[in-house]
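Novice: Provided herewith is a single structure, encoded as structure tokens, for subsequent inquiry.
Number of protein chains: 2
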Amino acid sequence: MDSTWSALADPHRRAMLDVLRERACAVGELVEELGFTQPTTSKHLRVLRKAGLVRVRTEAQRRIYSINAEQMAELDAWLAPFRQLWNERLDALGHHLDKDEHSHSRKQTDED
Amino acid sequence: MDSTWSALADPHRRAMLDVLRERACAVGELVEELGFTQPTTSKHLRVLRKAGLVRVRTEAQRRIYSINAEQMAELDAWLAPFRQLWNERLDALGHHLDKDEHSHSRKQTDED
DNA sequence: CCCGTATATTCCTTGACGCGTATATACGTG
DNA sequence: CACGTATATACGCGTCAAGGAATATACGGG
């Protein structure tokens, strides 16, 4: 899914997921815990909900949000084929430690 | 890292990573394979590079891009604590299949 | 040194996003 | 039904990212 990844692009939303991973929370608890305003929190929760990353359970006036593990599993599913790459790399490091003369310690990725 | 996640928010860039996972590619090959224009491809590659998700190797005029497995591993590291959640869920399904009366089959996430 | 190939960058416009403020809706209580 | 609590939404604004077209840079060959 596309909205799933764009939902994770925002660090605030990842922080919310980190909290929700510990326990399901009402909106007000997230507001207290993270310090965002209530409308902002609700709007981020809406994005997470549309992305399928969280689900809601209504409990009187309160909305209890919790992680939707299945959607998180989809993220993991996309990541899974890449996992083989760093396993190979770790394996390679074990075999011939300095074959690439530590060239990976050069920072060539943030040359801006 | 923050730029790492925002880089993945774009489906084009995820597609590029999917290609690069199979084999390292020059820019031109990515252009052919994915059908984006050359400037667009270069710009997306720049984002991926700044995010640390790919690295470049210069080879005459061509720039060979490849996955940076270490940064992908960081994504996996963030995802890891959540993995426990769906393992628990799968485990729970195994033990008492319909304890939550299949409530997770209701789509309450895309109510927009 | 000029040229062709390969790639990066700039400029510009447009659309999406996040925040804050204000307001609307839902729910329980007296 | 008026009220307070809890949450969601609408609006206006500033910022930012993406795409297209044009241009600039790097490299190798004759």
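Residue numbers (my numbering), protein chains in the order written: chain A, 688 to 799; chain B, 688 to 799. Glycine included, each C-beta is placed from N, C-alpha and C at the ideal position. Here the structure is a predicted model, which means the values were calculated and not measured.
By the three-class DSSP mapping on this structure, what secondary structure does A/Thr691 have?
Specialist: helix
Novice: Reducing DSSP to helix, strand and coil, say where B/Ala713 ends up.
Specialist: Correct three-state label for B/Ala713: strand.
Novice: What's the call for B/Ala816, buried or exposed, on a 16-neighbour Cβ count within 10 Å?
Specialist: The requested residue 816 of chain B is not part of the displayed model; chain B covers only 688 to 799.
Novice: Whose C-beta lies closer than 6 Å to the C-beta of B/Arg736 among residues of the same chain, with five residues either side of it excluded?
Specialist: none
Novice: How about B/Leu766 and A/Ala756: do their beta carbons lie closer than 8 Å?
Specialist: no
Novice: Using a Cβ cut-off of 9 Å, pull out every chain B residue sitting near A/Phe723, in sequence order please.
Specialist: By Cβ distance, chain B contributes nothing, its closest Cβ being about 17 Å from A/Phe723, past 9 Å.
Novice: Three or more beta-carbon pairs under 8 Å between the region 696-704 of chain A and the region 712-726 of chain A, yes or no?
Specialist: yes
Novice: Could you check the C-alpha separation between A/Leu740 and A/Thr727 for me, to the nearest Å?
Specialist: 17 Å
Novice: Output, in chain order, the set of chain B residues within a Cβ distance shorter than 8 Å of A/Ile754.
Specialist: Phe769 and Leu772
Novice: Within the same chain, show all residues whose beta-carbon is closer than 6 Å to that of A/Ala764, passing over the 5 residues directly before and after it, in chain order.
Specialist: none
Novice: Shorter than 8 Å from the beta carbon of B/Pro698 to some beta carbon of chain A?
Specialist: yes
Novice: Check the Cβ-Cβ distances between A/Ala760 and every residue of chain B, and say whether any is below 8 Å.
Specialist: yes
Novice: For B/Ser792, does the three-state DSSP call read helix, strand or coil?
Specialist: Note on B/Ser792: pLDDT 42, under 50, position unreliable in the model; no value is reported.
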